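All remarks here apply to the structure that follows.
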Amino acid sequence: MKDRMEELRQQMKASEKLVDSKPFNKEEDEDMDPSSLIGLQAVIFEAEPVLEIFLKDAQGIRDSIEELNSEVSKFNEQQKNFVATMRRLSIMKKESNMTRDIKLLAESLHKRLDALSKQAKQTEAELGPNATTSRIQKIQHAALFLQFHQVMRQHNDAILSKQEKCKQFIIRQLEVSGREVSEEEVDNMIEQGKWEIFNENIIVDAKITRTQLSEIEQRHKELLNLESNMKDLRDLFLDVFMLVEEQGHQIQNIQANVEKTQDYVSVTKEKFKRAARYKKNNP
């Protein structure tokens with residue numbers, strides 16, 4: 001395979017002049033405006049197919065994150081009428097299927113983002129951290145990871161919120177029947193799996209109907225299901241949140257820069273036109 005490293009370097013220098021981009025340095029890396037990279041991409045595509053493949057992979061991941069966000073939003077919407085409506089088996093099954101789909105999609109995205117990160121690190125090792133290609137890949141991965149983290153945080157918050165609603169519902173129902181129970185008792189009930197013994201005590205000590213008890217049991221089943229979901233996603237949540245903590249400063253800067261891109265739409269279009277003219281005049 002022909003070594004095109006020098007050709008790539010020359011092409012990158014030309015593209016940087018084209019878009020009037022100042023030289024990058026390591027200290028400025030985290031503050032780089034993603035919109036300034038878009039104009040470079042059109043020129044670099046022809047010189048380095050690897051970058052084009054990387055950006056296509058990134059776009060595929062972006063589309064999947066949007067799909068994940070849609071599923072998480074549906075799950076959150078499903079919780080709005082939690083207290084006001086009885087949870088029939090069909091609804092519980094639907095939620096269980098939604099949670100399973102979210103889990104599978106999230107795990108797939110996590111693996112794809114990890115692969116994208118490794119590819120970006122490999123490019124940086126080969127071309128150096130200040131190369132335009134390296135910087136484009138680094139920014140693309142970080143921005144996608146930020147989006148993924150935000151969606152996963154929303155899902156985590158939704159599960160925790162539903163857990164709290166289940167617990168508070170059980171506590172309120174027991175209080176109405178004359179039986180006081182703490183949240184700690186409910187937690188112990190779930191962890192130890194002694195719901196049957198707890199039921200017997202409720203029937204003896206409190207004036208509660210079988211219908212009320214059945215509804216409480218239904219909430220308990222949902223709590224168990226939620227606990228199972230949390231355990232299944234625990235490792236994924238920990239990996240994502242730990243990485244965010246480690247790269248917090250960088251991700252915050254990238255988040256601020258990504259938000260600025262909407263202000264540069266018209267500028268970006270012009271850069272694409274200039275890149276196209278450059279390519280036409282320099283075949």
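For the record, in the sequence shown the residue sitting at position 237 is 237 according to full-length UniProt numbering, with numbers rising by one throughout.
We treat Cβ as the ideally placed atom computed from N, Cα and C, and that holds for glycine.
This structure is a prediction, so every number in the text was calculated from the model and none was measured.
**Q.** Buried versus exposed, by CB contacts within 10 Å (16 or more), Leu104
**A.** The residue given as residue 104 occupies position 104 in the sequence shown. In this structure Leu104 is exposed. Its beta-carbon is surrounded by fewer than 16 other beta-carbon atoms within 10 angstroms.
Q.
Measuring only the C-alpha atoms, how far is Thr133 from Lys74?
A. Within the sequence shown, residue 133 is the residue found at index 133, counting from 1. Within the sequence shown, residue 74 is the residue found at index 74, counting from 1. One Cα belongs to Thr133, the other to Lys74, and the distance between them is close to 37 Å.
Q: Drop a sphere of 10 angstroms on the beta-carbon of Leu160, count the other beta-carbons inside from all chains shown, and report buried for 16 or more, exposed for fewer.
A: Position 160 of the sequence shown, counted from the first residue, corresponds to residue 160. Exposed, since its Cβ has fewer than 16 Cβ neighbours within 10 Å.
Q) How big is the Cα-Cα spacing for Ala158 and Gln78? A) Here residue 158 is taken as the residue at index 158 of the sequence shown, counted from 1. Here residue 78 is taken as the residue at index 78 of the sequence shown, counted from 1. Whole-angstrom Cα-Cα distance: 10 Å.
Q | CA-to-CA distance, Cys166 to His110, given in whole angstroms | A | Translated into the one-based positions of the sequence shown, residue 110 becomes position 110. Translated into the one-based positions of the sequence shown, residue 166 becomes position 166. Note on geometry: alpha-carbon atoms of His110 and Cys166 lie some 30 Å from one another.
Q. In this structure, does DSSP put Pro49 in helix, strand or coil?
A. By 1-based counting over the sequence shown, the position of residue 49 is 49. Assignment of Pro49 by DSSP, reduced to helix, strand and coil, places it in the helix class.
Q: Identify, in the order they occur along the chain, each residue of the same chain with its Cβ nearer than 6 Å to the Cβ of Ile61, setting aside the five sequence neighbours on each side.
A: As a position in the sequence shown, residue 61 is number 61, starting the count at 1. Listed in chain order, the non-local C-beta contacts of Ile61 below 6 Å within the same chain comprise Arg112 and Leu144, local neighbours out to five positions each way being set aside.
Q: Kindly list the residues whose CB is nearer than 7 Å to the CB of Ile171, restricted to its own chain and excluding five residues on each side of it in sequence; keep chain order.
A: The residue labelled residue 171 in the question sits at position 171 within the sequence shown. Only Val181, Glu183 and Val186 meet the Cβ criterion.
Q: Kindly indicate the opening and closing residues of the alpha helix (DSSP H) around Ala143.
A: By 1-based counting over the sequence shown, the position of residue 143 is 143. For Ala143, the uninterrupted alpha helix (DSSP H) run begins and ends at Thr132 to Val176, by DSSP.
Q.
Taking 6 Å as the limit between beta carbons, can you name the residues of its chain near Leu174, skipping five residues before and five after?
A. Here residue 174 corresponds to residue number 174 of the sequence shown, with the count starting at 1. Cβ within range, chain order: Val181.
Q: Could you check the C-alpha separation between Lys94 and Phe148 for me, to the nearest Å?
A: The residue you call residue 94 lines up with position 94 of the sequence shown. The residue you call residue 148 lines up with position 148 of the sequence shown. Cα-Cα distance, rounded: 24 Å.
Q) In whole angstroms, what separates the C-alpha of Val72 from that of Asn282? A) Here residue 72 refers to the residue found at position 72 of the sequence shown. Here residue 282 refers to the residue found at position 282 of the sequence shown. Distance between the alpha carbons of Val72 and Asn282: 47 Å.
(Q) What would DSSP say about Gln79, mapped onto helix, strand or coil? (A) Position 79 of the sequence shown holds residue 79. Gln79: coil per DSSP, three-state reduction.
Q: Put Gly128 into one of helix, strand or coil per three-state DSSP.
A: The residue you call residue 128 lines up with position 128 of the sequence shown. DSSP places Gly128 outside both helix and strand once states are collapsed to three, so it counts as coil.
Q: May I have the straight-line CA-CA distance separating Asn69 from Ser108, to the nearest angstrom?
A: Position 69 of the sequence shown holds residue 69. Position 108 of the sequence shown holds residue 108. Approximately 14 Å between the Cα atoms of the pair.
Q) Do the CB positions of Ala125 and His141 come within less than 8 Å of each other? A) Taking the first residue of the sequence shown as 1, we reach residue 125 at position 125. Taking the first residue of the sequence shown as 1, we reach residue 141 at position 141. No.
**Q.** Leu51 to Ile91 span [Cα, whole Å]
**A.** As a first step, residue 51 must be located in the sequence shown, where it is residue number 51. As a first step, residue 91 must be located in the sequence shown, where it is residue number 91. One C-alpha to the other measures close to 45 Å.
Q: Tell whether a beta-carbon distance below 8 Å holds between Leu236 and Ala106.
A: Counting from 1 along the sequence shown, the entry for residue 236 is found at position 236. Counting from 1 along the sequence shown, the entry for residue 106 is found at position 106. In contact: Leu236 and Ala106 (Cβ atoms closer than 8 Å).
Q) Near Thr123, what residues of its chain come up, given a Cβ to Cβ distance below 7 Å and the 5 sequence neighbours on each side ignored? A) Here residue 123 refers to the residue found at position 123 of the sequence shown. So the list reads Thr133, Ser134 and Gln137, once near-sequence residues are dropped.
Q: Report the rounded CA-to-CA distance for Ile65 versus Val176, giving the unit in angstroms.
A: For the purposes of this step, residue 65 is taken as the residue at position 65 of the sequence shown. For the purposes of this step, residue 176 is taken as the residue at position 176 of the sequence shown. Going from the Cα of Ile65 to the Cα of Val176 covers about 44 Å.
Q.
Given this structure, state the Cα-to-Cα distance separating Pro49 from Pro129, to the nearest angstrom.
A. The count along the sequence shown starts at 1 and reaches residue 49 at position 49. The count along the sequence shown starts at 1 and reaches residue 129 at position 129. About 19 Å.
Q. How close, in whole Å, do the beta carbons of Ala58 and Leu127 come, if the pair is a contact with beta carbons under 8 Å?
A. The count along the sequence shown starts at 1 and reaches residue 58 at position 58. The count along the sequence shown starts at 1 and reaches residue 127 at position 127. Between Ala58 and Leu127 the beta-carbon gap is near 17 Å, outside 8 Å, which marks them as no contact.
Q: State yes or no: is the C-beta of Phe169 within less than 8 Å of the C-beta of Arg219?
A: Sequence index remark: in the sequence shown, residue 169 carries index 169 (1-based). Sequence index remark: in the sequence shown, residue 219 carries index 219 (1-based). Note that the C-beta distance between Phe169 and Arg219 is below 8 Å.
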